[in-house]
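Under mature numbering (1 follows the signal peptide of the UniProt record, and there is no 0), the letters of the sequence shown match residues -18 to -1, 1 to 280, in that order. Using N, Cα and C, we set each Cβ at its ideal position, and we do this for glycine too. Every value quoted in this text rests on a predicted model; they were computed, and no experiment measured them. Working notes, structure below.
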Amino acid sequence: MAMAVPMAITLLFAIVLAGGVVSSAEFSYIEYNTTQRIVPGKINVHLVPHSHDDVGWLKTVDQYYFGGNNTIRGACVQNVLDSVISALLEDKNRKFIYVEMAFFQRWWRQQSNAKKIKVKELVNSGQLEFINGGMCMHDEATPHYIDLIDQTTLGHKYIKDEFDQIPRVGWQIDPFGHSAVQAYLLGAELGFDSLFFARIDYQDRAKRLKEKTLEVVWQGSKSLGSSSQIFTGIFPRHYDPPDGFTFEINDVSPPIQDDVLLFDYNVQERVNDFVAAALAQIGYCSFYVPISIRATQI
């Protein structure tokens, strides 16, 4: 798979969760093996923790960032970034991809020099990666193409100037429809290795699911030929996690309770649910199953 930093975890890892049962006398902290690896001959599940922070939608950009006006939409991007960075620093095996530079730039200005040094280490090690890299995840239909170029350039310049990094993956998971301009001008010619998106017509998705053509090489320009080609992956479902694994505020997904002293200890049940979700998706993909783990604005 062309994506640079998905966390490759085999189903064997999921099953390991069920192997941590010990007697109550021994029970204490459980340290799980979170190292990534690809195991030949096994179904490899790629957990893809990513941001999806609307730079203005139902609320103003300021309200999304600070968490204001939550009667309209519960969202607080600064909390997402605070918690993600803290989690990455706690475990070097964790990875995250961040998309919207308009919010990250604002968060970055508020950080201490000591925190900035630590975050730059996360970026350099690959734990934190910037993908798409524009100020926002732009729509592909209504804006003029000059606006698409300008906002992408602004974001990429910021990443280059501040972190000396260049995004290599296109991540257009939420726009309602996709254009050839995105594929060749803001994809292949921008230097991206791959492009991923989620929203397509329901009939197109059904056809591609049936024919296993969710992964394609998209030639965005007939006249430019192979130089306009980019590997493109379409999500087999929406960009949400599998049913039952959306752990947001007020969500109804069952929490994973791995304390054997709890009456509702459910590790084996939750492992079985995850394995079932991965097996259901492998029927539409190749040997690698990408599973979106979305960190929203909550």
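The DSSP-derived three-state label of Ile79 is strand. Within the segment 72 to 126, the complete alpha helix (DSSP H) segments at least 4 residues long are 83 to 91, 95 to 107, listed from N- to C-terminus. Cα atoms of Glu197 and Gly38: separation of roughly 30 Å, rounded to the nearest angstrom. A Cβ-Cβ separation of about 6 Å places Phe213 in contact with Val199 under the 8 Å criterion.
For Leu29, the secondary structure class from DSSP, reduced to helix, strand or coil, is strand. Assigned with DSSP and collapsed to three states, Gly169 falls in helix.
Judged by DSSP in its simplified three-state form, Ser161 adopts coil rather than helix or strand. Comparing alpha-carbon positions, the option among Arg219, Ala57, Ser235, Pro237 lying closest to Gly265 turns out to be Arg219. At least 9 Å separates the beta-carbon of Gln263 from that of Val249. When the Cα atoms are used, Glu193 and Arg187 turn out to be separated by approximately 10 Å. Of the residues assessed, Glu13 falls on the exposed side of the cut-off, its CB having fewer than 16 other CB atoms within 10 angstroms. Less than 9 Å divides the Cβ of Ala170 from the Cβ of Gly202. Residue pairing by DSSP puts Ser176 in a beta bridge opposite Val151, Phe213. DSSP places Gln18 outside both helix and strand once states are collapsed to three, so it counts as coil. From the listed residues Ile141, Gly115, Pro224, Lys74, the smallest Cα separation to Thr16 is found for Lys74. Just measuring C-alpha positions, the residue of Tyr11, Val30, Arg19 sitting nearest Val151 is Val30.
In the same chain as Phe145, and ignoring 5 residues on each side of it, the C-beta atoms closer than 6 Å to its own belong to Val105, in chain order. In this structure, Val163 is the residue among Met117, Gly50, Val163, Val59 with its C-alpha nearest to the C-alpha of Lys204. The beta carbon of Ser210 sits closer than 6 Å to those of Tyr166, Ala170, Gln201, Gly202, Ser203, all from its chain and outside the five residues before and after it, given in chain order. For Ala96, the number of other beta carbons within 10 angstroms of its own is below 16, and it is reported as exposed. Take Val59, set aside five residues on each side of it, and the residues of its chain with a beta-carbon closer than 7 Å to its own are Asp35, Tyr46, Tyr47, Phe85, Gln279, in chain order. A residue is called buried once 16 or more other Cβ atoms fall within 10 Å of its Cβ, and Phe229, having fewer, is exposed.
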